[in-house]
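I have placed the structure first, in the form of structure tokens, so that the comments after it can refer back to it.
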Amino acid sequence: MSLFVFQVFRYHLYILPHGGHVCQTFPILIVSPCIPYSAISHHNSNLYTMVASNVSHRAGVTNERYHFRAGGAPAIPAHYTAIRSHTPRQIQSNRIAKGVKKSWPTGRAQGQTRGLHRVGNTCFRVSALQALMHLPKFCNWILSHNSKDNNFKFPCRGLGEVGTFLANRYISYGANPVVLRECPACAVKQFIIEYWGATQCTDAGNNPTAFGHYGPEQQRIRDLDERLYRITSGAVTAGNRDMQQDPAECQERLLHACFASTDHDDWRVQYKALFEMQKANFPPTIGIQAVPVPPQPEAPSSVDKSIQQHIFTDELIGMLDCAVCNQETLQNQRTRLDVAPALLRVSLVTQTMVNGQSVKNTNPIEIPRFLDLTQHQAVQDPKKLEYQLESVLSHAGEEASSGHWVATVNSKTMIYAVNDGETEMRCVVVNKNKKREIAALRSNPQFMQPDVIANAVYLTYSRREPKRPLL
Numbered sequence: 019m020s021l022f023v024f025q026v027f028r029y030h031l032y033i034l035p036h037g038g039h040v041c042q043t044f045p046i047l048i049v050s051p052c053i054p055y056s057a058i059s060h061h062n063s064n065l066y067t068m069v070a071s072n073v074s075h076r077a078g079v080t081n082e083r084y085h086f087r088a089g090g091a092p093a094i095p096a097h098y099t100a101i102r103s104h105t106p107r108q109i110q111s112n113r114i115a116k117g118v119k120k121s122w123p124t125g126r127a128q129g130q131t132r133g134l135h136r137v138g139n140t141c142f143r144v145s146a147l148q149a150l151m152h153l154p155k156f157c158n159w160i161l162s163h164n165s166k167d168n169n170f171k172f173p174c175r176g177l178g179e180v181g182t183f184l185a186n187r188y189i190s191y192g193a194n195p196v197v198l199r200e201c202p203a204c205a206v207k208q209f210i211i212e213y214w215g216a217t218q219c220t221d222a223g224n225n226p227t228a229f230g231h232y233g234p235e236q237q238r239i240r241d242l243d244e245r246l247y248r249i250t251s252g253a254v255t256a257g258n259r260d261m262q263q264d265p266a267e268c269q270e271r272l273l274h275a276c277f278a279s280t281d282h283d284d285w286r287v288q289y290k291a292l293f294e295m296q297k298a299n300f301p302p303t304i305g306i307q308a309v310p311v312p313p314q315p316e317a318p319s320s321v322d323k324s325i326q327q328h329i330f331t332d333e334l335i336g337m338l339d340c341a342v343c344n345q346e347t348l349q350n351q352r353t354r355l356d357v358a359p360a361l362l363r364v365s366l367v368t369q370t371m372v373n374g375q376s377v378k379n380t381n382p383i384e385i386p387r388f389l390d391l392t393q394h395q396a397v398q399d400p401k402k403l404e405y406q407l408e409s410v411l412s413h414a415g416e417e418a419s420s421g422h423w424v425a426t427v428n429s430k431t432m433i434y435a436v437n438d439g440e441t442e443m444r445c446v447v448v449n450k451n452k453k454r455e456i457a458a459l460r461s462n463p464q465f466m467q468p469d470v471i472a473n474a475v476y477l478t479y480s481r482r483e484p485k486r487p488l489l
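Mapping of the sequence shown onto our numbering: residues 19 to 489, in sequence order.
Below, the structure written as structure tokens:
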């Protein structure tokens with residue numbers, strides 16, 4: 019396929035495949051007519067920009083900046099640099115997410131993780147809450163609801179409006195409203211305050227004790243989740259609310275309800291910047307969904323490799339008419355990332371088919387400490403887009419419809435394994451810079467006392483920042 023270079027707009031050079039669409043552009047002032055792309059093909063085809071050089075320009079030294087030497091490849095001067103960027107939506111999302119505080123909302127002397135006792139098959143809920151409680155940006159976003167700050171005082175919406183919105187959006191338009199006793203965001207906010215506060219602590223507020231299943235701290239959040247259960251896709255009858263459920267569905271119920279709790283644009287765009295991921299030409303989702311776990315140990319055995327092979331792929335879509343040359347050309351469709359959230363949940367598919375039956379896949383896929391999505395962005399020369407691991411929700415049992423959920427979390431002071439009301443420190447400070455051994459968080463399967471062996475299903479990552487002190 020031959021490529022040609024020609025000027026179509028002043029200051030912009032477009033490189034086009036013969037019979038194809040514009041594939042890249044970079045600023046230029048003068049160009050000779052129709053230069054074969056083969057003359058420049060051995061150069062990096064990244065997007066270039068000219069660094070301002072007023073002194074050289076005034077001195078008349080312009081050829082090196084604007085002229086392609088005849089008969090050979092152009093010399094790219096040292097003052098040309100590749101523009102590394104995100105998509106426009108990613109830039110906007112980054113700016114919004116940066117406005118949400120990342121400090122831990124602890125109201126006690128120590129920041130230890132607190133256990134949550136349970137009764138019945140509600141381990142899905144307590145593990146889901148543990149993952150959310152260990153995301154400082156989520157906590158601070160919720161705490162801004164009805165805050166005293168005039169710039170971020172997001173007031174409550176009427177409960178009837180919230181219930182109607184949730185029913186119309188997540189059940190069906192015109193369905194009976196979800197009946198709520200209190201504002202969902204207020205209930206979650208109170209739980210955060212009590213979880214990280216001095217409530218039920220020993221030693222003058224230093225060591226938190228586990229909240230009881232029937233205590234007021236868990237009662238409000240449990241009542242809210244049970245009332246929200248209707249908005250879960252495929253929800254069963256109300257009498258079976260305490261059956262084994264999925265922690266990701268529980269998280270999404272709470273997030274959707276908090277999103278609807280206030281009718282304010284800033285609140286909602288913060289929600290999107292924190293949680294919603296969108297691939298180009300696809301609807302938004304909460305994180306990366308349905309990442310396959312290879313059933314055989316010799317298959318790709320890490321989460322990042324599975325994401326690359328199965329989520330961000332190149333798909334051959336066949337012969338299509340080209341709008342430029344009016345000819346049919348063989349075209350590929352590349353799945354790329356338009357915008358990624360500040361808090362990224364990765365959902366693993368741990369079920370596989372064996373002899374026509376769905377069985378649990380216990381192959382221990384490797385969990386990366388850092389998840390790099392840079393190459394999957396829908397831009398020519400992307401900026402770094404990297405995440406660090408914050409929590410792992412794991413499932414023990416032979417079937418997904420039964421068993422037990424546990425959590426391993428990266429807290430303010432330590433990495434903890436959490437089995438309902440029991441918390442166990444999994445690592446210690448290993449050097450004077452307070453960097454911690456992350457292997458305890460990445461372990462798959464997870465081993466909990468006394469005899470729980472659980473496989474990772476849901477991973478939560480946060481955007482990696484250079485000054486982040488947790489790791």
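Ideal Cβ positions, reconstructed from N, Cα and C, are used throughout, including at glycine.
Just so we're clear, the structure is a prediction, and the values are computed from it rather than from any experiment.
Residue i versus residue j: straight-line alpha-carbon distance, rounded
i      : j      : result
Pro382 : Asn462 : 6 Å
Pro106 : Val397 : 10 Å
Ala358 : Gly415 : 32 Å
Tyr55  : Thr353 : At Tyr55, the pLDDT of 35 sits below 50, so the modelled position is not reliable; the number obtained from the coordinates is stated separately. Roughly 27 Å between the two C-alpha positions.
Asp469 : Asn373 : 30 Å
Gly252 : Ile189 : 10 Å
Gln457 : Ala228 : The question names Gln, yet the displayed sequence has Ala at residue 457. Computed Cα separation, rounded: 26 Å.
Cys340 : Met295 : 30 Å
Tyr479 : Ile306 : 11 Å
Pro265 : Asp332 : 32 Å
Gln467 : Gly133 : 14 Å
Arg102 : Lys402 : 9 Å
Leu161 : Gln345 : 57 Å
Gln406 : Ala308 : 20 Å
Arg286 : Ser111 : 12 Å
Ser165 : Thr380 : 45 Å
Phe142 : Ser412 : 10 Å
Gly233 : Leu242 : 14 Å
Asn194 : Thr182 : 7 Å
Bounding residues of the alpha helix (DSSP H) (the contiguous stretch that carries residue i)
i      : result
Met151 : Cys141 to Met151
Val206 : Pro202 to Trp214
Gly356 : According to the sequence displayed, residue 356 carries Asp and not Gly. Premise fails: Asp356 lies in the beta strand (DSSP E), Leu355 to Val357, not in any alpha helix (DSSP H).
Lys297 : Run containing Lys297: none in the alpha helix (DSSP H); it sits in the beta strand (DSSP E), Glu294 to Lys297.
Trp159 : Pro154 to Leu161
Asn179 : One detail in the question is off: residue 179 reads as Glu in this sequence, not Asn. Its alpha helix (DSSP H) spans residues Leu177 to Tyr188.
His328 : Val321 to His328
Lys430 : Counting along the chain, Lys430 falls outside any alpha helix (DSSP H), and DSSP gives it neither H nor E.
Ser376 : First-last for Ser376: Gln375 to Lys378, but that is the beta strand (DSSP E), not the alpha helix (DSSP H).
Opening and closing residue of the beta strand (DSSP E) in which residue i lies
i      : result
Gln395 : That residue, Gln395, is in no beta strand (DSSP E); it is neither H nor E in DSSP.
Glu442 : Glu440 to Met443
Phe465 : Gln464 to Met466
Asn164 : Unbroken run through Asn164: none, as it is neither H nor E.
Leu407 : Glu404 to Ala414
Ile306 : Ile306 to Pro310
Asn473 : Val470 to Arg481
Gln369 : Gln369 to Val372
Contact under 8 Å by Cβ, residue i with residue j
i      : j      : result
Ser409 : Asn437 : no
Arg248 : Val206 : no
Thr131 : Thr347 : no
His394 : Phe330 : yes
Leu184 : His274 : yes
Ala146 : Gln288 : no
His104 : Pro400 : yes
Neighbourhood of residue i by C-beta distance below 6 Å, restricted to the same chain and skipping five residues each side
i      : result
His328 : Pro310
Ser420 : Gln262
Gln128 : Asn224
Phe209 : Ile239
Leu153 : Leu361
His231 : His135, Arg136 and Val137
Ser376 : Gln369
Glu235 : Glu212 and Phe229
Leu246 : Arg271 and Ala275
Met151 : Tyr213
Whole-Å CB distance - residue i paired with residue j, under 8 Å assumed
i      : j      : result
Ser319 : Pro313 : Not confirmed; about 11 Å, so no contact.
Val321 : Pro386 : 6 Å
Leu198 : Val364 : Not really, about 31 Å apart at Cβ, beyond 8 Å.
Ala474 : Leu366 : 6 Å
Ala298 : Asp221 : Going by Cβ atoms, the distance from Ala298 to Asp221 rounds to 53 Å, so no, they are not a contact pair.
Close-in-space but distant-in-sequence residues of the same chain around residue i (CB under 7 Å, 5 per side omitted)
i      : result
Ser5   : Look at the range of the chain in this structure, 19 to 489, and you will see that residue 5 is not part of it.
Lys430 : Trp122, Thr124 and Gly129
Thr250 : Glu267 and Arg271
Cys219 : Arg126, Asn225, Pro226 and Thr227
Val144 : Leu134, Arg136 and Asp438
Cβ-based neighbour list, residue i, same chain, cut-off 8 Å, excluding 5 preceding and 5 following
i      : result
Leu292 : Ala115, Val118, Lys155, Phe156, Trp159, Pro359, Ala360 and Leu361
Arg444 : Thr426, Met432, Ile433, Tyr434, Ala435, Ala458 and Leu459
Met337 : Glu346, Thr347, Leu348 and Gln349
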